[in-house]
Amino acid sequence: MSDNQNLLAGQRRALILEEVRRRGGIRVSELTRMLQVSDMTVRRDLDVLARQGSLEKVHGGAVPVAERRTHEPGFEAKSSLELSAKSEIARAAAALATPGSAVALSGGTTTYAVAHQLLDVPELTVVTNSVRVADVFHDAHRAGEGGRAAGRPATVVLTGGVRTPSDSLVGPVADAAIASLHFDVLFLGVHGISVEAGLSTPNLAEAETNRHFIRSARRVVVVADHTKWGTTGLSSFASLDEVDTLVTDAGLPAADREEIGEHLAELLIAEGPEAAPAD
């Protein structure tokens with residue numbers, strides 16, 4: 001990782017957070033070797049991240065914060081995590097959308113990444129409760145980049161509702177809008193996913209909005225990086241048998257892939273430019 005010595009502080013701290021979450025903890029000595037910076041620099045970064053509540057310092061290193069089931073991270077806090085995994089997942093998921101279809105995208109940083117990939121799919125009708133996702137299509141259209149593939153650019157419908165920390169719109173207004181529509185495919189982001197709890201979120205209103213999304217979709221595609229497996233939020237809103245496809249990244253351990261395969265119709269592992277079906 002020879003280039004890491006030239007990373008900006010924010011980029012370096014994002015890498016530290018990613019490693020702490022992926023490995024469940026890391027030592028200062030490991031971070032100094034990985035990032036090729038001094039012990040003092042690493043400790044300063046850990047101090048900053050600990051003050052932000054992003055991790056917990058322990059003797060000689062750091063571990064993830066034991067999150068409350070009601071804790072809902074903001075969009076910016078999540079956007080710097082698992083960037084490469086989200087990019088790979090987005091490319092694989094977007095390949096499931098066909099030109100001219102009606103697609104729905106829930107809120108979240110992974111669905112935000114999917115939205116960027118969907119710009120290349122022509123003539124979509126996109127329904128979303130995510131302000132960030134809607135902005136992807138709006139900004140691309142304004143810049144003359146929407147509908148980069150042949151055909152007209154996407155028609156985008158943004159539901160109303162009450163804004164959450166992750167910039168999603170939820171509540172009765174969003175629920176009513178979604179319930180009146182029908183989608184060919186839903187790209188659904190989640191806070192957590194497990195066999196016991198299914199799909200979950202720390203936000204009760206978002207859980208209800210997600211239920212309406214699922215009821216209105218012919219195909220439900222969950223997009224979630226490997227760190228979401230085994231995480232449980234306050235409210236479950238769907239069981240695994242309501243999911244048609246889970247698109248995740250290669251960081252998911254083999255044992256977890258086997259367990260998921262016993263409960264899901266289809267598991268796609270995004271590895272590079274294309275996804276590979278799990279055995």
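Here the sequence shown stands for residues 1 to 279, numbered as in our numbering.
Just so you know, even glycine gets a beta-carbon here, dropped at the ideal spot from N, CA and C.
Query, Result
"Residue nearest to T231 in terms of C-alpha spacing, selected from D249, L267, V190 and D244", "V190"
"Burial state of R91 (16 or more Cβ within 10 Å)", "buried"
"Alpha carbon of A113 to alpha carbon of S87, nearest angstrom", "6 Å"
"Touch test, the segment 173-193 against the segment 219-239, Cβ-Cβ under 8 Å, three pairs minimum", "yes"
"Presumed contact (8 Å Cβ cut-off) between G233 and P253, rounded CB distance", "That belief does not hold up - the Cβ atoms of G233 and P253 are roughly 21 Å apart, past 8 Å."
"Residue-chain proximity (V65, chain D), Cβ-Cβ < 9 Å", "Judged by its chain identifiers, the structure shown contains no chain D, having just a single protein chain."
"Three-state secondary structure assigned by DSSP to D45", "helix"
"For S101 and L124, believed in contact at Cβ under 8 Å, the rounded distance", "6 Å"
"Cβ contact (3+ pairs, closer than 8 Å) linking the segment 13-31 and the segment 57-64", "yes"
"Endpoints, the beta strand (DSSP E) within which L55 is located", "L55 to V58"
"For P99 and T111, the rounded distance between their alpha carbons", "18 Å"
"Inter-residue Cα distance where the pair is L199 and G160", "23 Å"
"Beta-carbon spacing of A85, G251 below 9 Å", "yes"
"Outcome for D167 when other beta-carbon atoms lying within 10 angstroms are tallied against a minimum of 16", "buried"
"R142 classed as buried or exposed, judged by whether at least 16 other C-beta atoms fall within 10 angstroms", "exposed"
"Which of helix, strand or coil DSSP assigns to A179", "helix"
"Three-way DSSP call (helix, strand, coil) for V103 in this model", "strand"
"Beta carbon of H162 nearer than 9 Å to that of L181", "The sequence as given places Val at residue 162; His does not occur at that position. Result no, Cβ atoms of V162 and L181 do not sit closer than 9 Å."
"Where G107 falls, given that 16 or more other Cβ within 10 Å makes a residue buried", "buried"
"Three-state secondary structure (DSSP) of G198", "strand"
"Identity of the residue in R22, E208, T164 and R12 nearest L46 by Cα", "R12"
"Close-in-space but distant-in-sequence residues of the same chain around G24 (CB under 8 Å, 5 per side omitted)", "V63 and P64"
"Pairwise C-alpha distance: A179 and P172", "10 Å"
"Reduced DSSP secondary structure (H/G/I, E/B, other) of A265", "coil"
"For V243 and T209, believed in contact at Cβ under 8 Å, the rounded distance", "Not confirmed; about 17 Å, so no contact."
"Endpoints, beta strand (DSSP E) assigned at V126", "T125 to T128"
"Selection from A115, V127, H212 and E266 that minimises the alpha carbon distance to D241", "E266"
"Own chain, CB closer than 8 Å to S216, minus 5 neighbours either side, in chain order", "A104, I178, A179, L181, H182, F183 and L186"
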